[in-house]
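Undergrad: So the protein sequences, as listed, match chains A and B.
Each residue of the first sequence is one higher than the last, beginning at 1 in the working numbering.
Each residue of the second sequence is one higher than the last, beginning at 222 in the working numbering.
2 protein chains.
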Amino acid sequence: MASETEENYIKAIFKITEKNQGAANTNAIAAHLSTSAASVTDMLKRLSSKDYFHYEKYKGVYLTSKGIEMATQLIRKHRLWEVFLVDKLGFSWDQVHDIAEQLEHVDSDELIIKLDAYLGHPKYDPHGDPIPNAEGKFTLRNQVTLQSLEKNEKGTVVGVRENDTPFLQYLNHFNIKLGTKMQVLSHIDYDHSMKVLVDDTVELLLSHKACSNLFIKKTTL
Amino acid sequence: MASETEENYIKAIFKITEKNQGAANTNAIAAHLSTSAASVTDMLKRLSSKDYFHYEKYKGVYLTSKGIEMATQLIRKHRLWEVFLVDKLGFSWDQVHDIAEQLEHVDSDELIIKLDAYLGHPKYDPHGDPIPNAEGKFTLRNQVTLQSLEKNEKGTVVGVRENDTPFLQYLNHFNIKLGTKMQVLSHIDYDHSMKVLVDDTVELLLSHKACSNLFIKKTTL
DNA sequence: AATGATTTTTAGAGTACCCTAAATATTTAT
DNA sequence: ATAAATATTTAGGGTACTCTAAAAATCATT
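Okay, structure coming up:
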């Protein structure tokens, strides 16, 4: 069985390669795990015998199918636990990341099978991120950023790009959550902020940054 | 924060001292943690600066109040998770120990507060062991072993002494669980086994070993 | 193609665990 | 009270991770 550290390396590599196409480089992994580049090189050399990834000096790493499988199962576990924490225990979406980060390393296949059933086989976590099924398949969704909507277009919030605490708390502050209805009132050219109508009732001005990080499912008019 | 290993040492010391009065000795700790006596000595020396226990060479260790507090909280977490696994996820009582052993190390006070509330502030775990409250207080109960009951005395099963898997599965086999009614029909002198009436319907012959490990709350006749 | 900036690796060392074998202390039995 | 048995510690070493500083390789710019 893989150690917690190993699991964290594999997950970091998965997330980096998923975002930037191509191999994950040493510095990126180090940044992701808040460790030094030297430690990463050391770890990659020691781990590379275990067939989770291909590593070539100075070229970075990419996962094998075994590594992808492992990363996917970790993401599955992380997101299922997040659903548990929010839906069952009553945590809010900005409080669950660190706890799920610990829970995802608990090793028991039966536990995940039963947890998944108990939660009703959820397809998305509290941030709208898809939960891979037991076979590792993600359910994708037609979604666009709020920023990309044209004037008068409507939709509902289905996810957030980065689920960092400050952004989630910013959204809490405006009472924006998954399922919140949005209609574009206008784009402000000056700073690319947007005026939107929230839940058919409240008019809000949202920054470009916020609008680029909110995922919307469009309502066909 | 204490490492998982440290936590396991403290818990082992607590359980040993609880059972055998007096200091926990090196070999007992080693046996409890499936490690070598030399490793235990090594660890005790390194850990003894942290004020969890008093250690004197060749004399064994006993916990300080800080150590007792830590052990108690770990037991609280372990038993709450066991309740979750059985009551909510549908595990049986013989399947939950190892999973709870991992879950108990997850570090979040808020998580335990919310989990406890979600479970309805249970006082006992699935094996009938008391769950200490947030202040570390155990709810004790009037209980005796089945073995100690006289002929014709009645009671209900409220716990098991050791919750090792084989014993729990043995009980499953006879459909004996917490809440099962027991009435003593006779003591067999030859091997100290007992003839009992289970749930007012089934007559069973139980071994001395089993009867000594079953806790009963007597019904006043 | 050479220089400078950046990235990555190597070298050397530290901590937190674990081990076996040997030495020493304590307990038990005579 | 001594010998034998048992319990504990010490000595020496191993693995999995971490680090900083220095060396080497790659990339970017002219």
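C-beta: ideal position from N, C-alpha, C; glycine also.
May I ask you to report which of helix, strand or coil DSSP gives G128/A?
TA: Translated into the one-based positions of the first sequence, residue 128/A becomes position 128. Looking at G128/A - three-state DSSP - the assignment turns out to be coil, as it is neither helix nor strand.
Undergrad: When you compare the stretch 335-342 of chain B with the stretch 357-366 of chain B, are there three or more beta-carbon pairs, one atom per stretch, that lie closer than 8 Å?
TA: No: fewer than three Cβ pairs fall under 8 Å.
Undergrad: Going along the chain, which residues of its own chain have a beta-carbon closer than 7 Å to the beta-carbon of Y55/A, five neighbours each way excluded?
TA: Residue numbering aside, residue 55/A sits at position 55 when the first sequence is read from its first letter. For Y55/A, where only same-chain residues beyond five positions count, the Cβ hits under 7 Å are L44, S48, V61.
Undergrad: Taking buried to mean at least 16 other C-beta atoms within 10 Å of its own C-beta, is L103/A buried or exposed?
TA: Taking the first residue of the first sequence as position 1, residue 103/A is located at position 103. Buried.
Undergrad: Could you check if V261/B is buried or exposed, using at least 16 other CB atoms within 10 Å of its CB as the buried criterion?
TA: The residue given as residue 261/B occupies position 40 in the second sequence. The residue is buried, with at least 16 neighbouring Cβ atoms inside 10 Å.
Undergrad: What is the residue span of the alpha helix (DSSP H) that Q73/A lies within?
TA: Stepping through the first sequence from its first residue, residue 73/A is reached at position 73. Start and end: 65-83.
Undergrad: In whole angstroms, what is the alpha-carbon distance linking S407/B and F395/B?
TA: Along the second sequence, one-based indexing puts residue 407/B at 186. Along the second sequence, one-based indexing puts residue 395/B at 174. Approximately 18 Å, taken between the alpha carbons.
Undergrad: Can you list the residues of chain A that D328/B reaches, using a CB-CB cut of under 7 Å?
TA: Taking the second sequence and counting its residues from 1, the one referred to as residue 328/B is at position 107. By Cβ distance, chain A contributes Q102.
Undergrad: Name the chain B residues whose beta carbon is nearer than 7 Å to that of G90/A?
TA: Against the first sequence, residue 90/A aligns to sequence position 90. The contacting residues are K335.
Undergrad: Provide the residue span of the alpha helix (DSSP H) that contains E325/B, from first to last.
TA: As a first step, residue 325/B must be located in the second sequence, where it is residue number 104. Where E325/B is concerned, there is no enclosing alpha helix (DSSP H), given that its DSSP letter is neither H nor E.
Undergrad: Fully enclosed by the stretch 137-217 of chain A, which alpha helix (DSSP H) runs are 4 residues long or longer?
TA: The qualifying runs are 165-173, 208-212.
Undergrad: Of the residues G243/B, W314/B, E322/B, A252/B, which one's Cα is nearest the Cα of F388/B?
TA: As a first step, residue 388/B must be located in the second sequence, where it is residue number 167. Nearest C-alpha to F388/B: W314/B.
Undergrad: Would you call the stretch 152-165 of chain A and the stretch 205-220 of chain A in contact, with 3 or more CB pairs under 8 Å?
TA: A contact exists between the stretch 152-165 of chain A and the stretch 205-220 of chain A.
Undergrad: Among the candidates A249/B, L370/B, Y345/B, whose CA atom is the shortest distance from the CA of S360/B?
TA: Taking the first residue of the second sequence as 1, we reach residue 360/B at position 139. In the sequence under discussion, the amino acid at residue 360/B is Thr, which differs from the Ser named in the question. Out of A249/B, L370/B, Y345/B, Y345/B has the C-alpha closest to the C-alpha of T360/B.
Undergrad: Contact defined as beta carbons within less than 8 Å: I believe I237/B pairs with H253/B. What is the distance between those atoms, to the nearest angstrom?
TA: Locating residue 237/B in the second sequence gives position 16, where the first residue counts as 1. Locating residue 253/B in the second sequence gives position 32, where the first residue counts as 1. With 8 Å as the limit, I237/B and H253/B qualify as a contact, their Cβ atoms being about 6 Å apart.
Undergrad: So S414/B and S428/B are in contact, right, with Cβ under 8 Å, and what is the actual spacing, rounded?
TA: The residue you call residue 414/B lines up with position 193 of the second sequence. The residue you call residue 428/B lines up with position 207 of the second sequence. Contact holds; Cβ gap of about 5 Å.
Undergrad: Counting only C-beta atoms, is E150/A closer than 9 Å to chain B at any point?
TA: By 1-based counting over the first sequence, the position of residue 150/A is 150. Judged by the 9 Å Cβ criterion, E150/A is not in contact with chain B.
Undergrad: Of the residues that make up the stretch 331-358 of chain B, which ones have a beta carbon closer than 7 Å to any beta carbon in chain A?
TA: Those residues of the stretch 331-358 of chain B that come within reach of chain A (Cβ to Cβ, closer than 7 Å) are L332, K335, L336, Y339.
Undergrad: Tell me the rounded alpha-carbon separation between E6/A and M70/A.
TA: What you label residue 6/A is simply residue 6 of the first sequence in a count that begins at 1. What you label residue 70/A is simply residue 70 of the first sequence in a count that begins at 1. One C-alpha to the other measures close to 10 Å.
Undergrad: Which same chain residues, not among the five before or five after K66/A, have their C-beta less than 8 Å away from its C-beta?
TA: In the first sequence, the residue the question calls residue 66/A occupies position 66. So the list reads D51, Y52, once near-sequence residues are dropped.
Undergrad: Measure the C-alpha to C-alpha separation of S329/B and W302/B and round it to an integer number of angstroms.
TA: Looking up residue 329/B in the second sequence gives position 108. Looking up residue 302/B in the second sequence gives position 81. Each residue's Cα considered, the two are about 13 Å apart.
Undergrad: Would you give the residue range spanned by the beta strand (DSSP E) that E356/B belongs to?
TA: Taking the second sequence and counting its residues from 1, one reaches residue 356/B at position 135. Here E356/B belongs to no beta strand (DSSP E), and DSSP marks it neither H nor E.
Undergrad: Just to confirm, is the Cβ distance from A24/A to A37/A under 9 Å?
TA: Sequence index remark: in the first sequence, residue 24/A carries index 24 (1-based). Sequence index remark: in the first sequence, residue 37/A carries index 37 (1-based). For A24/A and A37/A, no; Cβs fall outside 9 Å.
Undergrad: Rounded to the nearest angstrom, how far is the Cβ of P122/A from that of V83/A, given a contact under 8 Å?
TA: Against the first sequence, residue 122/A aligns to sequence position 122. Against the first sequence, residue 83/A aligns to sequence position 83. Confirmed, Cβ separation roughly 5 Å.
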